[in-house]
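If you count by the working numbering, then the sequence shown holds residues 1162 to 1349, one letter each, in order. Data block below; observations after.
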Amino acid sequence: MPVKSDAWIKRMVESHGLIEPFEPSQVREVDGRRVISFGTSSYGYDIRCAPEFKIFTNINSTIVDPKAFDSGNFVDVHSDVCVVPPNSFALARTVEYFRIPRDVLTICLGKSTYARCGIIVNVTPLEPEWEGHVTLEFSNTTPLPAKIYAHEGVAQVIFLQSDEPCDVSYADRGGKYQGQRGVTLPKA
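And the structure:
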């Protein structure tokens, strides 16, 4: 499975609508203001965070259960900046909508700017023929509040292409997160 280059990413955007909206270059400044970079890089794509956040709170003192998750454990925030409480986390989504080809798998890694501040960005792989907004999880590992910036880069998606298409894709399985829009909570 070779890693795909910026030229491959651009071709896939044109032919398959791989990423929408798509930024063909690496953006480091918007309206004269420095931003955490986003857009196409040498061997990947730096995704942006949308201004929709769900900040975890234990106000209800419930147990976190992935099979029966209580949506009341989140506070919804719509803002260009999200402050994640100490030792807590927030969910968000990408600005970009992805359509992954049948012979491609992606791996997503948090940007070093956030990692160096103790903020871990977690994203599961995007499987063959999955599509949707990517749900992002920001873990604040520090004892202090931490900022996340909407409309700026948060993680890099690396595209791996197989020599042949998979036998059964995410779409074939009817995956429960197929076509997700907005911040999507866990589903059992």
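In this text, a Cβ means the ideal position worked out from N, Cα and C, and glycines have one as well.
### Task
State buried or exposed for E1349, treating a residue as buried only when at least 16 other CB atoms are found within 10 Å of its CB.
As a working mapping, residue 1349 is identified with position 188 in the sequence shown. Looking at the sequence itself, residue 1349 is Ala, so the reference to Glu does not match. Residue environment: A1349 is assigned as exposed (fewer than 16 neighbouring CB atoms within 10 Å of its CB, all protein chains considered).
Task: According to DSSP, residues forming a beta bridge with Q1187 - done: Residue mapping note: residue 1187 aligns to position 26 of the sequence shown, counting from 1. Partner residues in the beta bridge of Q1187, as assigned by DSSP, are G1200.
Quiz prompt | Integer Cβ distance of G1293 from G1340, believed to fall under 8 Å | solution = As a working mapping, residue 1293 is identified with position 132 in the sequence shown. As a working mapping, residue 1340 is identified with position 179 in the sequence shown. Yes, G1293 and G1340 are in contact; Cβ-Cβ is about 5 Å, under 8 Å.
What are the residues that DSSP puts in a beta bridge with D1207?
Position 46 of the sequence shown, counting from 1, holds the residue named residue 1207. BP columns for D1207 point to G1200 and Q1317.
Are three or more beta carbon pairs between the stretch 1320-1330 and the stretch 1230-1247 nearer than 8 Å? no
Count the CB pairs spanning the stretch 1192-1210 and the stretch 1162-1170 that are closer than 8 Å, and state whether there are at least three. Short answer: they touch.
> To which residues of the same chain is F1214 closer than 6 Å at the C-beta, ignoring the five residues directly before and after it?
Replying inline: Position 53 of the sequence shown holds residue 1214. Excluding residues within five positions, the ones whose Cβ falls inside 6 Å are V1238, C1243, A1251 and A1253.
Q. Going by Cα to Cα distance, which pick from E1257, P1227, G1279 and E1313 is closest to G1178?
A. By 1-based counting over the sequence shown, the position of residue 1178 is 17. Nearest of E1257, P1227, G1279 and E1313 to G1178, Cα basis: E1257.
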